[in-house]
Structure formats: C-alpha cells, structure tokens
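Accompanying notes for the structure given below.
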Amino acid sequence: MGPLLEDWDIISPKDVIGSDVLLAEKRSSLTTAALPFTQSILSQVGRTLSKVQQVLSWSYGEDVKPFKPPLSDAEFHTYLNHEGQLSRPEELRLRIYHGGVEPSLRKVVWRYLLNVYPDGLTGRERMDYMKRKSREYEQLKSEWAQRASPEDLEFIRSTVLKDVLRTDRAHPYYAGPEDGPHLRALHDLLTTYAVTHPQVSYCQGMSDLASPILAVMDHEGHAFVCFCGIMKRLAANFHPDGRAMATKFAHLKLLLRHADPDFYQYLQEAGADDLFFCYRWLLLELKREFAFDDALRMLEVTWSSLPPDPPEHEVELVGPPSQVADVGFGGHRGRPMRQRHMLRPAGGGGSAFEDAVKHLTTSSQGPGSGGRLLRQASLDGLQQLRDNMGPRRDPLVQLPHPASLISSKSLSEPLLNSPDPLLSSFSRPDSPSSSSPPSTQEASPAGDMGIGSPLMQEVGSPRDTRKSLPPPPMGLPPPQEFGRGNPFMLFLCLAILLEHRDHIMRNGLDYNELAMHFDRLVRKHHLGRVLRRAKALFADYLQSEVWDSEEGAEATAPS
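Going by the numbering used here, the sequence shown opens with residue 49, and the numbers climb by one from there.
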C-alpha cells in the first residue's frame, strides 16, 4: 500500500516564490489541522491570492536562479547519524525539493529517493545490501532462457534494442558505437526486467525511465535495483487496462479546468481538451521534455516531493508470474509476449482507460461504441482511442491521419542526424505548422480559481456553441490520490501548459498545431521557469481547502 495522507510530511515551499513576497499573515484554518504534511507547508508560507497572481504574471526575461544550491556531500552527511543511518528522511527530501543534488552525489542519494533501501541500514549494511542485490541481478540476467520462451525472448530483445539505440544517444554516456558498453547495459537491464516481470514485460518508454538511472549509477546492477524501485510506482502506467493513465489524464483535466477555466474552454473549442498531446508527459513523468541534465534535476525534485516509501524488507527484483498460463495475453495463443501485451479486446468499450476518460468527459455513449484499442503504453493507441470514441462533428477539428497523430516512435528517440517524420508525432500531413516562436510571457490567472468551464461535452456529439453556465466551485483530490500519488508532476505539466497558454490562444492553434508545437519543444523547456511556476501553484494547492477526495473518485470511476 502506498503512503497515506499523514505520511506526506515532506514538502515545505519556503522560498518557493522568493522571500520578498512571503507574508507574515494569519495562517489558513488548515494550519491547525492535525496533518503534518499541511502543517509543514503552511507553517513556512502564507500568501494571498493576489500574491499568487503576481507569481503567475511574472515576466521571465531573465534566468530564474535556483532556490537553494544543490545538496553537497558534506551537507548530506548531516542527515546521517554516527552509524551512517539516515535519521531525517523527510528533511532530506525537503532539502532536495528546494535545491536538487550535486551531480557527484546523485548515485548515493537517488537510492533513497527511489526507495531502494529498507529503513535503518548503516553505511556498511547499505554497501553489503547493494552488493548482494547486484549478485541477485547477475543471476537473474543469466536465467533469460529459463524464464521466457525462445520466441518471447527474441521479441523482447529486439524490441528493447530498437528503443535503446535511439534513447538519449546525444548524451556522451550513450554516444558512440551501437555495441558500446552503456547501450549494452541498458539493453540487458531492460530485458532482464521484462523477463522477470511478465505481467509488465517491456513497453515503449521504459528505456527513457531507465536511461537517466543507468547514467547516474554507472553500474548495471545498481541501476537495475533502482529501476525496480521506480517501477514499483510506475509499472501501472504500462498496465494493459490503462487505468493508471486514465486517472492521470482525468486529474490533469481537473487541475487545468480548476486553474485556468478560460484556457480550458479554449482547448474544448479547439478539440484538444482530451489533452492527449500530454500523453508522453504523463507516461514518462516529463523526462523527455527537458534537456538530459535538466531532466535529472527535474526528476530528483519530483521524487523528493513524494513521501518516503522504503521496502519493508528489500526491493523485490522479480515480479509476480504472468496471469496467463497457456494462452497468450488477451487470449491470443502463440503471439510473442509484447504483441499479446499490446492487444485489448474488441467491442463494448469496456477498458478502464476508455471508461474513465468517457466518465470524466460526461460521455453517455451506448454499448458497442468502443472498438479495438491498442494498449495505451504504445502511443499508437491514442490515435486508436480518439478514433473509437466517436467522430467529432466540430468543423474546426480535423483528426489527423491515423499513421501520423501519435506514432509508436514518438516515445523513442530518433536516430541521430536522421530526420524522423514521426518525431512530430501528432501532426497531420497537410496541417499547417505555426511559425511563431514559443511565447515567453507568463499567463495571468483567469477568473475565480474556484470556477471552471464545463467539462467537455459528450464525445461524438455535436458541440453546443452557446456559452454554458459555469458549474459550482469544484475541488481537487488530496495529495495522496492526486496524480495517483504524484501530485507535483501534475503541477509541472500545468506549468508547461501555462507557459505556452498565451501563445496558443493568441495564435488560435488547433489540436494538430498545438500538439506539433509541443513536439518541437522536446528537450527544450526551461527548467527554472517551469519549476518556479509549478512550485508556486503546488504551494497554493497545498495551503488551499480545495481537496475533495470524492471529486477525484468521481472523475475516474468507471461509468
């Protein structure tokens, strides 16, 4: 079971918007609540809504300085006792949230952030633990042939290799020949995970999650242990029922509607309110959206925003056996593992992903409106999803060509120096692209923060062009539920959207143009601006009284 609300005694957004705008005013009524998470936050920051609006409307013409310098080795040791045990795990995460970690210290600190160590290990015990887990990995690596059929193993290895050869190849760690030791280590790590976790196997995007971990650890066995740690939390993203991704889409929609109803209404009218162009962001927790070194900082700050969740005994390196015995995944006997894993039953629209998305969008389509859907972990599935949720009759919305909307390659790095037509994975071949540069202006908050525009109307039905009455104020799920327990990642997504809000609305971008706009910004987002905006918005969420667990449950419940 994941952390509960009372475990969220982590984030304290002190200095999140700068000491010059912190106010010594009376705290919110939540300050006195018996919740250490909110107490930790509210005891250090108090702002009026006008101050939040100032943050949102700042002009970022200059680089934003980090809130604190990165955690150093000397400072890290102040969080350890005389036996080398981590004595203040929550305070350590808070410190990393505010400043990140010095690059040379990451291989040590990331193991804590990824919940690799059980509680209470001394320095010597940690060393012995990692040596033993590395030997366990080497043993598992030698058992590929015993754990997977020749057909499945060959399919896994070839699929992994295809992705590895185009993952972060511009970074020096993965540059060089295709048979280089680091590429081989990444391939072997992912293949071992696939054969030891048959319920998950390998899915596109996993190479993007493993790549930074291997580059930081610079040790294949240690990287595998850390990868198992992060996949304990993220494996659900790749589950064939699509439930986890549906929840994240639902929560991001709720957040955007809550934070900026005008922008949300614009996306509604442009046919982009499904936010499917954010799919890569949610699946990979934004790893692909920043330059490699910036992504390392973004990841560690995001991980530090989560409560410690150490293993009770030790990290499990082997997952449960496949739930399918003699028959292939989804009942397709004889198909290679990954092909089975991508299939979803035809007809009825019964997948959790489709159900949750349709419920969020207040859809009431009849039975049989679904159709065959590819697994959501392949980006091809999103085009299929849009197709099967019914035609949009808005003349402003033209769905892209199925082969070009969201390609399976768009989660994998294109080969260096070779034009990849699928990199612009959301574009329609005949869709004009916007030549305007990304906007650097900040978006101002639109209207009352508690009033949102209506959720998008029934998918597949004609849109009502008349302005709808706004619904009553709505809440957001509490942090242990929001974003499936990673609320800060949603605020990073929101910050990116708001960074480009003015440009999108001013230029009237439609769905294809908007998606291509963000495709062109892969690895180009400004980390300082995004982090500063996201932390300000996150702090406002945490000190507000907008939490409503029923709202989140209603948004993601099957219809």
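Just so it is clear, CB atoms sit at the ideal spot from N, CA and C, and this is done for glycine as well.
Leu119 and Val264 have their C-alpha atoms roughly 16 Å apart. By the 16-neighbour rule on beta-carbons within 10 angstroms, Thr126 is exposed. DSSP places Leu365 in the coil class of the three-state scheme, outside both helix and strand. Note that the C-beta distance between Phe340 and Leu323 is not below 8 Å.
Just measuring C-alpha positions, the residue of Phe311, Arg571 and Val349 sitting nearest Leu557 is Phe311. Per DSSP, Trp595 is not a residue of any alpha helix (DSSP H), being assigned neither H nor E. For Ile544, the closest alpha carbon among the candidates His361, Glu362, Tyr221 and Asp308 is that of Asp308. In the DSSP annotation of this structure, Tyr127 is not part of any alpha helix (DSSP H), being labelled neither H nor E. Taken atom to atom, the span from the alpha-carbon of Arg205 to that of Asp357 is near 32 Å. The three-state reading of DSSP puts Val149 in strand, counting E and B together.
Beta-bridge annotation (DSSP): Leu524 is paired with Trp595.
Annotated three-state conformation of Leu323 is coil, per DSSP.
Burial is judged here by how many other beta carbons sit within 10 angstroms of a residue's own beta carbon; Pro229 has fewer than 16 and is exposed. With the rule of 3 Cβ pairs closer than 8 Å, the stretch 267-283 counts as touching the stretch 165-185.
Between the alpha carbons of Gln313 and Ala196 lies a distance of about 49 Å. Boundaries of the alpha helix (DSSP H) around Val264: Met254 to Met265. In its chain, beyond the 5 residues on either side, Gly277, Asp357 and Pro358 have a beta carbon closer than 6 Å to the beta carbon of Asn163. For Leu562, DSSP records no beta bridge to any residue. In this structure, Leu332 and Gly253 form a Cβ contact; the two beta carbons are roughly 5 Å apart against a cut-off of 8 Å. With a threshold of 16 other beta carbon atoms within 10 Å, Ala223 falls short and is exposed. With distances taken between CA atoms, Trp329 lies nearest to Gly531 out of Ala122, Gly531, Arg554 and Tyr559.
For Leu569, there is no enclosing alpha helix (DSSP H), as DSSP marks it with neither H nor E. Per the coordinates, the alpha-carbon of His573 lies some 30 Å from the alpha-carbon of Arg232.
Residue state for Leu134 is assigned as strand, using DSSP reduced to three classes.
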